[in-house]
Amino acid sequence: MSATAATTTEAQQHTGMPVPQHVAIIMDGNGRWAQRRGLPRAAGHQAGSRVVRPIVETCAQRGVQALTLYSFSSENWSRPADEVAAIMLLLQEHLRNELPMMLANGIRFRRLGRREGMPAEALHMLDETERATAHGRGMHLVLALNYGARAEITDAVRDIANKVRQGELDPAAITEATISDHLGTAGLPDPDLLIRTAGQWRVSNFLLWQISYAEMHVTETLWPDFNLQDLDRAFRDFAGRQRTFGGLKAK
Ligand code: IPE
Ligand code: IPE
Ligand code: MG
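Take the sequence shown: its letters are residues 241 to 491, numbered as in our numbering.
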């Protein structure tokens, strides 16, 4: 048993609460955080990137199997070029700085989103990080970058159609699992807890297929201010939910 797994069991015994298997976070509010301080938006992204490490480590220690972070959407390219460039640079800096933490925690890193459109250097570092952490036995850390759920589903449909055309797949044999297996999140459990910071009650094209039955937790806290207490609050909120999946409440 790895050190991480041992800590996990202790943590679960300690709290006695059900822990979500897959936590997905829409990390929103960096811009507002900066604006409130009279700083450029890039400063908000920098502050936001500093929050990631404690959240990742704590989720891993609590026994979360997968953590997916919405870092840059396919729609975010419409922002000013200097903001986009700052985010891409921060990403590379972040990957470099956080590799030791990932290795120490046995974290398995995965990029989610279309490759096309991503800067070559960023892609290279993402690929290297995936490779370097591939043998981990701990939590999956998924970074959604240049990600849009509709694009992801479109790509999956195209892949499936190609397999049908080549005679590898019988249309009658297509199931929900076939679709899940063709998404970027293949092999991971569906998110059971979706957290959005900065107060907006919307999904913004994130994991549309996968969040069918996720419990949602929206907090007013802006992402750069999100701390372990906020994470605890989200976990407690999740633990208190009656999950019925279309059935009836247990008596
Ligand atoms: C989220 O923060 C980070 C990205 C979308 C890259 P925002 O930059 O959207 O922050 P707000 O919503 O403008 O405050
Ligand atoms: C969602 O936030 C995307 C990320 C957090 C990366 P946005 O700020 O881009 O979404 P909207 O504009 O509020 O829908
Ligand atoms: Mg936003």
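We put the CB at the ideal spot given by N, CA and C, even for glycine. Owing to the predicted nature of the structure, the values given are computational and were not obtained by experimental measurement.
Per DSSP, cross-strand counterpart(s) of residue i
i: M456; result: L434
i: A264; result: T308, L434
Reference residue i; option with closest CA among the options
i: L434; options: V263, G256, P340; result: V263
i: L462; options: V259, A479, M257, N270; result: N270
i: Y453; options: P431, Q305, H375, Y387; result: P431
i: R354; options: V324, L468, S313; result: S313
i: T394; options: L409, H422, W317, A283; result: H422
i: G439; options: D268, D410, Q482; result: D268
i: V324; options: R281, Q482, R481, M257; result: R281
i: R293; options: W317, N345, G303; result: N345
i: I451; options: V397, T373, I265, A300; result: I265
i: P258; options: V304, A300, R272; result: V304
Neighbour-count burial assignment, residue i, 16 or more Cβ in a 10 Å radius
i: P429; result: exposed
i: T425; result: buried
i: A474; result: buried
i: H375; result: exposed
i: A274; result: buried
i: F485; result: exposed
i: G278; result: exposed
i: T498; result: Lying outside 241 to 491, the shown extent of the chain, residue 498 is not represented and no answer is given.
i: S289; result: buried
i: H457; result: buried
i: F296; result: Phe is not the amino acid found at residue 296; the sequence shown has Val there. The residue is buried, with at least 16 neighbouring Cβ atoms inside 10 Å.
Local conformation of residue i per DSSP, three classes
i: L292; result: According to the sequence shown, residue 292 is Val rather than Leu. Helix at V292.
i: W449; result: coil
i: A243; result: Since pLDDT at A243 reaches only 39, below the 50 mark, its modelled position is unreliable, and the value read off the structure follows with that caveat. Reduced to three states, the DSSP call for A243 is helix.
i: G439; result: coil
i: F466; result: coil
i: T248; result: Note that T248 scores 42 on pLDDT, short of 50, meaning its location in the model is unreliable and no value can be drawn from it.
i: V259; result: coil
i: Q482; result: coil
i: G278; result: coil
i: Q253; result: Below a pLDDT of 50, predicted positions are generally treated as unreliable, and Q253, at 44, falls in that range; the measurement from the model is reported next regardless. Here Q253 sits in helix by DSSP.
i: L488; result: coil
i: G269; result: coil
Quiz item: Quick one: complete beta strand (DSSP E) runs, 3+ long, within the segment 299 to 352?
Solution: Runs found: 306 to 313, 348 to 352.
Quiz prompt | Whole runs of the alpha helix (DSSP H) within the segment 347 to 428, excluding any shorter than 4 residues | solution = Counting whole runs of 4 or more residues, the segment 347 to 428 contains the alpha helix (DSSP H) stretches 360 to 373, 389 to 405, 416 to 421.
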